[in-house]
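Protein chains: 2
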Amino acid sequence: MVEKDFSEQEHQAALNHLKESIPTNEELESMVNIFKAFGDMTRVKIILALSKTPLSVGEIADTLDMSQSSISHQLSLLRQLNLVTSVRHGRNIHYRLSDQHIITIFGQTKDHIIEDEND
Amino acid sequence: MVEKDFSEQEHQAALNHLKESIPTNEELESMVNIFKAFGDMTRVKIILALSKTPLSVGEIADTLDMSQSSISHQLSLLRQLNLVTSVRHGRNIHYRLSDQHIITIFGQTKDHIIEDEND
DNA sequence: ATGAAATATGAATGAATGCTCATATATTCA
DNA sequence: TGAATATATGAGCATTCATTCATATTTCAT
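Rendered as structure tokens:
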């Protein structure tokens, strides 16, 4: 094929710089890790619960009908990723979302799904 | 504890309706599945590549220095989730992002990370 | 100090997942 | 039709991951 239409030329141009335009693993790692965190039903539910009000580990476990240990493990992961923060209040530890971006991302994703279902 | 300050009252109120406010597994499943898809380095790179221009399987494999088979498997998954669409062009199959929401979500997530690093 | 309550943590286990290899399917071209 | 190219797919394997169980740590109340 010798002749190329306009969009084909654009494609070639994009293709030439494509390899360099892809960020490195290091650059992408934090993003991927956050998405990994969101890619689990339990963690999504924890985040949704925390979007309503700060909660102790036990309150989350009760709300989700799951074991204290399991919730604690997941919270530890979410804390490592700076998705939640914790403050001790007496014997309890209050967890809260560390920033509202998280809920925005969830909302955006919901939008994608809804738009998709309308096709 | 008999007396509660205002925020404590709010907490109790939120706690009462919390269990019912958490969506069911079925309602959350598509969101979780999309995040699972985003939670893998290879798939994120595929999506970022496709955000520049539609690409064939081979072009993606070359760009990411990965096997044809691996990329094809991942594209199959992304297609099942309606994140990409494919059109055959001769012997090639052109993949493209199915909707621009995806990139918005990536951007929002990047924002979260950047905000986070500034603390 | 001691016991009880809340949370954290390490090891073990079963399930999910990503890649590879071999092979199948589809399309073009001679 | 038959060879070559592009893509898809199934099985196998190694790794990752979520939960559980047992136990450690921290704090409060007596």
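Chains as they are written, first to last, in our numbering: chain A, 1 to 119; chain B, 1001 to 1119.
Using N, Cα and C, we set each Cβ at its ideal position, and we do this for glycine too.
Treat the numbers as computed from the prediction; the structure is a model and nothing was measured.
Within chain B, partners of residue i - CB distance below 8 Å
i	result
GLN108(A)	HIS1101, THR1104, ILE1105 and GLN1108
HIS112(A)	ILE1034, ASP1099, HIS1101, ILE1102 and ILE1105
ILE22(A)	LYS1045, LEU1048, ALA1049, THR1063 and LEU1064
LEU78(A)	Neighbours of LEU78(A) on chain B: none; closest Cβ ~13 Å, over 8 Å.
Status (buried if at least 16 other CB within 10 Å, exposed otherwise) for residue i
i	result
PRO1054(B)	buried
ASP1100(B)	According to the sequence displayed, residue 1100(B) carries Gln and not Asp. Exposed, by the Cβ-count rule.
GLU1008(B)	exposed
GLN1074(B)	buried
GLY39(A)	buried
ARG1088(B)	exposed
ILE1114(B)	exposed
Proximal residues of chain B, C-beta to C-beta of residue i below 7 Å
i	result
ASN25(A)	MET1041
ALA61(A)	Those do not exist, as ALA61(A) stays about 12 Å from chain B at its closest Cβ, beyond 7 Å.
LEU18(A)	ALA1049, LYS1052 and THR1063
Simplified DSSP assignment, three categories, for residue i
i	result
ILE93(A)	strand
SER56(A)	strand
SER1070(B)	helix
ALA1013(B)	helix
SER51(A)	coil
ASN109(A)	Per the sequence presented here, residue 109(A) reads as Thr, with Asn not at that position. Helix, per DSSP.
SER1086(B)	strand
ILE1114(B)	helix
SER98(A)	coil
9 Å Cβ cut-off: residues of chain B touching residue i
i	result
MET66(A)	None at all; the shortest Cβ gap to chain B is about 12 Å.
LEU75(A)	Under the 9 Å cutoff, chain B gives no residues; its nearest Cβ is about 16 Å from LEU75(A).
Closest by C-alpha distance to residue i, when choosing among the options
i	options	result
ILE47(A)	VAL87(A), ILE102(A) and ASP111(A)	ILE102(A)
HIS94(A)	SER72(A), GLU115(A) and THR104(A)	SER72(A)
LEU1083(B)	LEU1018(B), THR1109(B), ARG1096(B) and THR1024(B)	ARG1096(B)
LYS19(A)	LYS1019(B), ASP1116(B), ASP1040(B) and ASP1062(B)	ASP1062(B)
SER1056(B)	ARG1091(B), VAL1032(B) and ALA1037(B)	ARG1091(B)
THR1109(B)	GLN12(A), THR85(A) and ALA37(A)	ALA37(A)
SER1051(B)	HIS11(A), GLU115(A) and PHE106(A)	HIS11(A)
THR1085(B)	ASP111(A), VAL87(A) and ASP116(A)	ASP116(A)
PRO1023(B)	LEU28(A), LEU64(A), SER98(A) and ARG79(A)	LEU64(A)
HIS112(A)	GLU1026(B), ASN1025(B), SER1030(B) and ALA1013(B)	SER1030(B)
LEU1160(B)	ASN1033(B), GLN1068(B), LYS1045(B) and LEU1028(B)	This structure cannot settle anything about residue 1160(B), because the visible part of chain B is limited to 1001 through 1119.
ASN1025(B)	THR104(A), SER98(A) and LYS45(A)	LYS45(A)
Closer than 8 Å at the beta carbon, the chain A residues around residue i
i	result
GLU1121(B)	Because chain B is modelled from 1001 through 1119, residue 1121(B) falls outside the range shown and cannot be assessed.
VAL1044(B)	LEU28, MET31, VAL32 and PHE35
Beta-carbon neighbours of residue i, restricted to chain A and to distances below 7 Å
i	result
ASN1082(B)	ASP116
Chain A contact residues for residue i, given Cβ-Cβ distances below 9 Å
i	result
HIS1089(B)	Simply none; closest approach about 10 Å.
Between the region 10–24 of chain A and the region 1015–1035 of chain B, do at least 3 Cβ pairs fall closer than 8 Å?
A contact between stretches requires three or more CB pairs, one per stretch, nearer than 8 Å, and the region 10–24 of chain A fails this requirement with the region 1015–1035 of chain B.
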